[in-house]
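Q: Taken in order, these protein sequences are the chains called A and B. Plus 184 on top of the position in the first sequence (first one is 1) and you've got the numbering used here. Plus 184 on top of the position in the second sequence (first one is 1) and you've got the numbering used here. We treat Cβ as the ideally placed atom computed from N, Cα and C, and that holds for glycine. I am attaching a structure below and will ask some questions about it afterwards.
There are 2 protein chains.
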Amino acid sequence: MSALAVSRDTEWFLFDCGEGTQTQVARAGLSPTRLDAVFITHLHGDHLYGLPGMLSTMGLDQRSRDLVIVGPRGLKEYLDTLARLRTMFVSYGLDVRELDAADEVTTVHETADCVVKTRALDHRLFALGYRLEEKPRPGRFDLDAAMRLGVPEGPLFGKLQSGEAVVLDNGKTVTPDQVLGQPRRGKVVAYCLDTRPCAGATDLGNGVDLLIHEATYTEDLRAEAGQWGHSTAADAARTAREASARRLLITHFSSRFPDVTPLLDEAHRIFPDTVAAEDLVSIQV
Amino acid sequence: MSALAVSRDTEWFLFDCGEGTQTQVARAGLSPTRLDAVFITHLHGDHLYGLPGMLSTMGLDQRSRDLVIVGPRGLKEYLDTLARLRTMFVSYGLDVRELDAADEVTTVHETADCVVKTRALDHRLFALGYRLEEKPRPGRFDLDAAMRLGVPEGPLFGKLQSGEAVVLDNGKTVTPDQVLGQPRRGKVVAYCLDTRPCAGATDLGNGVDLLIHEATYTEDLRAEAGQWGHSTAADAARTAREASARRLLITHFSSRFPDVTPLLDEAHRIFPDTVAAEDLVSIQV
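Written as structure tokens, this is what we have:
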């Protein structure tokens, strides 16, 4: 069952929510109250059935903050039916955003520090991939330069760091570009499952620090992969290469592979910087 | 999350199906293909959210036999919505039987060896309790008596055991009552959650070998129990005593009780033959 948490200092995002996700969230030590938004790729149960239980547990824990939930059309009917039948305990607002097409990379959610974009993939059921971009962070603060310009240690440092010009006691103005290095590019992660290899996945994965791509089968099961709308490990690796991703994390393995070595070997031959997902594995980006 | 399997030689029955049940079914070594029927007490997620995943897994495992699912009205809408949104993989027939009232103990399912009955309980959402009765089994075969009457070892033994009279080579007729002891009463188990203490639970638990009854709180939290439609451990024990149950299994403990000793102590003072449920615990009836 699929679920991926992308965690930053102050918030985290959940991509897919298969059965049992709330248990894994607890095991991973993630606080449900810090969860900012949920992104569902498609409505197959192994990506979805953990959502209502997770929402109810947050309700019982007295979450008050609204929760954004993004996914394919049908998600709202699913949640509305569960609510109408009184199966769920949800005491906070659900901001459900449905899509039934996304032929271009489209922004679906934004926080102070991040933007999440989506694009349709190619599965046998309408499926969305996602791309989480951190906004550029200010350049590093050059302490020596600030001292040389006569800026006193204290609140003026913070103003300069946040992009404001400051006036010193001697009447001179110091501007941020005098004390800050180049803005630093934010990290970018893309999440592409379930899907056949497709242009959508390559677009979402363009230049990312980490591409998470499904690899249900090996190449000798290419026919099954096509029939069921999935990728082989080689497909995932080729997508990473075409997208110029820095690293690849493969996941969503068929139960035919209790040992993932054949999948990993296949991907490594095409894209060496590949790792295989495991339950509760944590990767620093 | 709630789920109880009652397993016999050739079949098993599932009572409630909270999130994660399919994983526990696998851990318990129960074969999904031998599952005969599912009984849902009420539509709160902690008793229900494991059902669609379990149904899908049986579909992927190519189950072909129909599955009976009994529960409160709304269950069909829940399953139909999930099917219409294409979230489930179900390749076999679902025989969904809904109730919205059951003021008397009513038969809802029957197999060759068992009968399952239901009766409404008293929760804040419409809830059903269940009673599984094994049909009486034939008396023990008296080998000595059969030999004395001249019955030859072989197929005639089987006919007598299954209740047929047989004619011997010497023309004499031997009837089953000549070689069988008293019919043996089948075992009876009742499952009563979620509920306040109520006449329905006492009816379902009447004379059972094992009463499974919820015990969410201790007596000092009686107000919460009433407000949320639950029982205390003392309530469960009193119901077992009034119903003349042989044994009591308490379950569905509030998360306030990481240690169940207070609940068990409270029940023991009223009904000594009480045990507390644990994940994957197995009880011989």
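Are the beta-carbon atoms belonging to residue 370 (chain B) and residue 317 (chain B) less than 7 Å from one another?
A: Counting from 1 along the second sequence, the entry for residue 370 (chain B) is found at position 186. Counting from 1 along the second sequence, the entry for residue 317 (chain B) is found at position 133. Yes, Cβ-Cβ distance for residue 370 (chain B) and residue 317 (chain B) is below 7 Å.
Q: Taking only the alpha-carbon atoms, compute the straight-line gap between residue 217 (chain A) and residue 205 (chain B) and give it to the nearest angstrom.
A: Here residue 217 (chain A) is taken as the residue at index 33 of the first sequence, counted from 1. Here residue 205 (chain B) is taken as the residue at index 21 of the second sequence, counted from 1. Answer to the nearest angstrom: the Cα atoms are 26 Å apart.
Q: With a threshold of 6 Å on Cβ separation, who are the neighbours of residue 448 (chain A) within its own chain once the five nearest residues in sequence on each side are excluded?
A: Counting from 1 along the first sequence, the entry for residue 448 (chain A) is found at position 264. 460, listed in sequence order.
Q: Between residue 414 (chain A) and residue 380 (chain A), which are expected to be in contact by the criterion C-beta below 8 Å, what is the C-beta distance as a whole number of angstroms?
A: Start at 1 with the first residue of the first sequence, and residue 414 (chain A) comes out as number 230. Start at 1 with the first residue of the first sequence, and residue 380 (chain A) comes out as number 196. About 7 Å separates the two Cβ atoms, so the contact holds.
Q: Return the first residue and the last residue of the beta strand (DSSP E) that residue 374 (chain A) is part of.
A: For the purposes of this step, residue 374 (chain A) is identified with residue 190 of the first sequence, where counting begins at 1. Taken as a continuous stretch (DSSP letters only), the beta strand (DSSP E) holding residue 374 (chain A) covers 372-376.
Q: Against chain A, with Cβ distances strictly below 7 Å, would residue 242 (chain B) count as a contact?
A: Locating residue 242 (chain B) in the second sequence gives position 58, where the first residue counts as 1. So, not an interface residue.
Q: So that I know if they touch, is there some Cβ in chain A lying closer than 7 Å to that of residue 400 (chain B)?
A: Taking the second sequence and counting its residues from 1, the one referred to as residue 400 (chain B) is at position 216. It does not; no Cβ of chain A falls within 7 Å.
Q: Taking 7 Å as the limit between beta carbons, can you name the residues of its chain near residue 351 (chain A), skipping five residues before and five after?
A: Mapped onto the first sequence, residue 351 (chain A) falls at position 167. These residues qualify, in order along the chain: 357.
Q: Skipping 5 residues on each side, what residues in its chain have a beta carbon closer than 6 Å to that of residue 427 (chain B)?
A: Counted from its first residue, the second sequence places residue 427 (chain B) at position 243. The answer, listed in chain order, is 386, 389 and 390.
Q: Between the alpha carbons of residue 420 (chain A) and residue 265 (chain A), how many angstroms are there, rounded?
A: As a first step, residue 420 (chain A) must be located in the first sequence, where it is residue number 236. As a first step, residue 265 (chain A) must be located in the first sequence, where it is residue number 81. Approximately 36 Å between the Cα atoms of the pair.
Q: At the level of alpha carbons, what is the spacing between residue 462 (chain B) and residue 399 (chain B)?
A: Within the second sequence, the letter at position 278 stands for residue 462 (chain B). Within the second sequence, the letter at position 215 stands for residue 399 (chain B). Whole-angstrom Cα-Cα distance: 13 Å.
Q: Determine the direct distance from the alpha carbon of residue 410 (chain A) to that of residue 199 (chain B), and round the result to whole angstroms.
A: The residue labelled residue 199 (chain B) in the question sits at position 15 within the second sequence. The residue labelled residue 410 (chain A) in the question sits at position 226 within the first sequence. Rounded to the nearest angstrom, the two C-alpha atoms are 39 Å apart.
Q: Counting only beta-carbon atoms, is residue 294 (chain B) nearer than 7 Å to chain A?
A: The residue given as residue 294 (chain B) occupies position 110 in the second sequence. No, no contact with chain A.
Q: Please specify which runs of the alpha helix (DSSP H), each continuous and at least 4 residues long, are wholly inside the region 230-314 of chain A, giving them in chain order.
A: Counting only runs of 4 or more, we get 235-244 and 259-268.
Q: Can you tell me whether residue 215 (chain B) is buried or exposed, with buried defined as 16 or more other CB within 10 angstroms of its CB?
A: Position 31 of the second sequence, counted from the first residue, corresponds to residue 215 (chain B). Under this definition residue 215 (chain B) is an exposed residue.
Q: On a Cα-Cα basis, can you pick out the residue from A:336, A:315, A:355 and A:363 that is closest to residue 348 (chain A)?
A: Taking the first sequence and counting its residues from 1, the one referred to as residue 348 (chain A) is at position 164. Nearest of A:336, A:315, A:355 and A:363 to residue 348 (chain A), Cα basis: A:363.
Q: When the Cβ atoms of the region 333-343 of chain A are set against those of the region 249-269 of chain A, are three or more pairs found closer than 8 Å?
A: Judged by Cβ distances under 8 Å, the region 333-343 of chain A makes no contact with the region 249-269 of chain A, as fewer than three pairs qualify.
Q: Per DSSP, what are the beta-bridge partners of residue 318 (chain A) in this structure?
A: Here the question's residue 318 (chain A) lines up with position 134 in the first sequence. Partner(s): A:298.
Q: As a quick exercise: from B:222, B:226, B:237 and B:422, pick the residue whose alpha carbon is nearest that of residue 250 (chain B).
A: The residue you call residue 250 (chain B) lines up with position 66 of the second sequence. The candidate whose alpha carbon is nearest that of residue 250 (chain B) is B:222.
Q: Just to confirm, is the Cβ distance from residue 281 (chain A) to residue 299 (chain A) under 7 Å?
A: Here residue 281 (chain A) refers to the residue found at position 97 when the first sequence is read from its first residue. Here residue 299 (chain A) refers to the residue found at position 115 when the first sequence is read from its first residue. Not in contact: residue 281 (chain A) and residue 299 (chain A) (Cβ atoms no closer than 7 Å).
Q: Please classify residue 418 (chain A) as buried or exposed, where buried requires at least 16 other C-beta atoms within 10 Å of its C-beta.
A: Along the first sequence, read from residue 1 onward, the residue named residue 418 (chain A) stands at position 234. Buried.
Q: Using CA atoms only, rank isn't needed, just tell me which of B:290, B:194, B:404 and B:425 is closest to residue 440 (chain B).
A: By 1-based counting over the second sequence, the position of residue 440 (chain B) is 256. When each option's Cα is compared against that of residue 440 (chain B), the closest is B:404.
Q: Could you give the residue range of the alpha helix (DSSP H) that holds residue 361 (chain A)?
A: For the purposes of this step, residue 361 (chain A) is taken as the residue at position 177 of the first sequence. Unbroken alpha helix (DSSP H) run through residue 361 (chain A): 360-363.
Q: Specify the secondary structure class of residue 462 (chain A) as computed by DSSP and reduced to three states.
A: The residue given as residue 462 (chain A) occupies position 278 in the first sequence. Note: residue 462 (chain A) maps to coil in three-state DSSP.
Q: When the cut-off is 7 Å and only beta carbons count, does residue 272 (chain B) lie next to chain A?
A: Counted from its first residue, the second sequence places residue 272 (chain B) at position 88. It does; some Cβ of chain A falls within 7 Å.
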